[in-house]
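The structure under discussion appears below in the form of structure tokens.
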Amino acid sequence: MTEEIFPFAGQVIYLKRKRIKNMYLRVQKPAGRIEVTAPMRMKRERITEFLGKHWSWVEKKQQAIREKAETQKLTRQYQTGDKIPLWGVYYDLVVRDSAGRQASVVCRDTRIVLTVPAYATVEQRREIVNGLYRRQLEQAIPKLLPRCEAIVGKKAAECRIRNMKTRWGTCNIVKARVWLNLQLAKYKPEALKYVMLHELTHLWVHNHGPAFKARMDVYCPDWRRIRQELNQFADFA
Ligand SMILES: [Zn+2]
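The structure is reproduced here in structure tokens:
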């Protein structure tokens, strides 16, 4: 089996080739990723034609995924049955009564178990889940940062986690201080890596002009797709 990127209608299609007779098209959760499975020797024109024929279906499907994600985040009450994202995967939330003991949250297999007093408010529950995100990032960042610094060729004097409402990260160029949004723990690890590379690149180029983009193309060739997915499914709630 092989996999390649197949551009179509301004989107990224993941093209897999297998020993099969027919073509298959899928739009996947949670980010609306489009995947085509095609026979090994199928001509590219045939694949383009196939996509064109089914494109309105793809767009409808992506829209439905987006709307569902939107309702989930608006209706998230931190009760049993809610979906909680972590590293790009949705987990089933199970809420237990802490019965006087300390509140806690753990991730086990396909579930996130939140133990809180029965009277805990939505905000208090969210704060405790944010604690899980923070711990996950605290584990991930020390491993990822040296790798990103090696790619970019610049070092951050400091790298901190902050819960931000409008930005994925910031970089104080004078102090070489990088701040990463706590919310990044909700997305695929590649998103965290992209934001880290982006902020470190500011240590070379202050703005987002052509020189910045040229460096990003080298450090993170996939950055446009990752950024698009991140912003399309942004969930700061
Ligand atoms: Zn920037």
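Residues 2 to 238 (my numbering) are what the sequence shown spells out, left to right.
Glycine included, C-beta positions come from ideal geometry on N, C-alpha and C.
Query                                                                                                           : Result
Beta carbon of V28 nearer than 7 Å to that of I35                                                               : yes
Alpha-carbon spacing of M2 relative to T38, whole angstroms                                                     : 10 Å
Helix, strand or coil at D110 [DSSP, three-state]                                                               : coil
Residues with C-beta closer than 6 Å to any heavy atom of ligand 3, in chain order                              : Of the ligands one can find in the structure shown, namely ligand 1, none is ligand 3.
Every unbroken alpha helix (DSSP H) within the region 102 to 157, with a cutoff of 4 residues, ordered by chain : 123 to 153
Three-way DSSP call (helix, strand, coil) for I14 in this model                                                 : strand
Straight-line gap, V179 to N173 (C-alpha atoms, nearest Å)                                                      : 6 Å
Assigned exposure category for E230 - 16 Cβ within 10 Å defines buried                                          : buried
Alpha helix (DSSP H) segment containing L52, residue limits                                                     : 45 to 76
From L94, G154, E5, residue whose alpha carbon lies closest to that of V117                                     : L94
Inter-stretch contact (C-beta, 8 Å, three-pair minimum) for the region 75 to 87 and the region 53 to 67         : no
C-alpha gap between K84 and T72, whole angstroms                                                                : 11 Å
Close beta carbons around A157, own chain, < 6 Å, minus the five adjacent residues each side                    : A177, V179
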